[in-house]
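For reference, the structure is listed below as structure tokens.
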Amino acid sequence: MNQTLNESNFTLYAAKHYDNVHLDTSEFYEDLKRFSYLKRLFNMYEKKEILKENLIINHIIILYNVFGQEATEMLFLRLKGQEELLKTFLLYLNRMPSRIETIRFKSYNEDIKRIEAVWEILNEL
């Protein structure tokens, strides 16, 4: 049964795709908080032009480690409105799919622009 991801079933969807050998409930909720941390870091860049690229990369990598490829849909749902910044990081990490589809958001990769200033910073790492 394919489950369509939306805000009302986000936690259930996340639990279904959570892959942590220790499977501790508190660790699961700590990992879910990473979506909020990313939102804050993205907001900091958008409002103050402060980019903490290493911290952002670390959070994204951990999310992929524990949620697998489903992290992509989860990221696009939780970071709604910040798709360009998200795409830039996912491209850098080779995680950007050709098509993104959530209940609220359907797009092809080429429909979302990458942020060139951030891309340049990432390519200097």
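In this text, residue positions in the sequence shown follow this note's numbering: the first is 105, and each later residue adds one. Note that CB positions come from ideal geometry on N, CA and C, so glycine has one too. Keep in mind that this is a model prediction, so the values were computed, not measured.
The beta carbon of T192 sits closer than 8 Å to the beta carbons of R218, I219, V222, W223, L226 from its chain, once the five residues preceding and following it are set aside; these are given in chain order.
In this structure, L181 lies near L109, with their beta-carbon atoms less than 9 Å apart. Distance between R138 and H163, taken at the CA atoms: about 6 Å. Between the C-alpha atoms of E187 and F114 there is a straight-line separation of about 18 Å. A Cβ-Cβ contact shorter than 9 Å links G172 with D123. Put simply, the backbone Cα of Y149 is about 12 Å away from that of L190.
Of the residues assessed, Y141 falls on the exposed side of the cut-off, its CB having fewer than 16 other CB atoms within 10 angstroms.
The continuous stretches of alpha helix (DSSP H) do not include I154, and DSSP gives it neither H nor E.
By alpha-carbon distance to I161, the top candidate from V170, A175, L197 is L197.
Scanning its chain for C-beta atoms nearer than 7 Å, with the 5 sequence neighbours on each side dropped, one finds around A118 the residues L136, F171, M178, in chain order.
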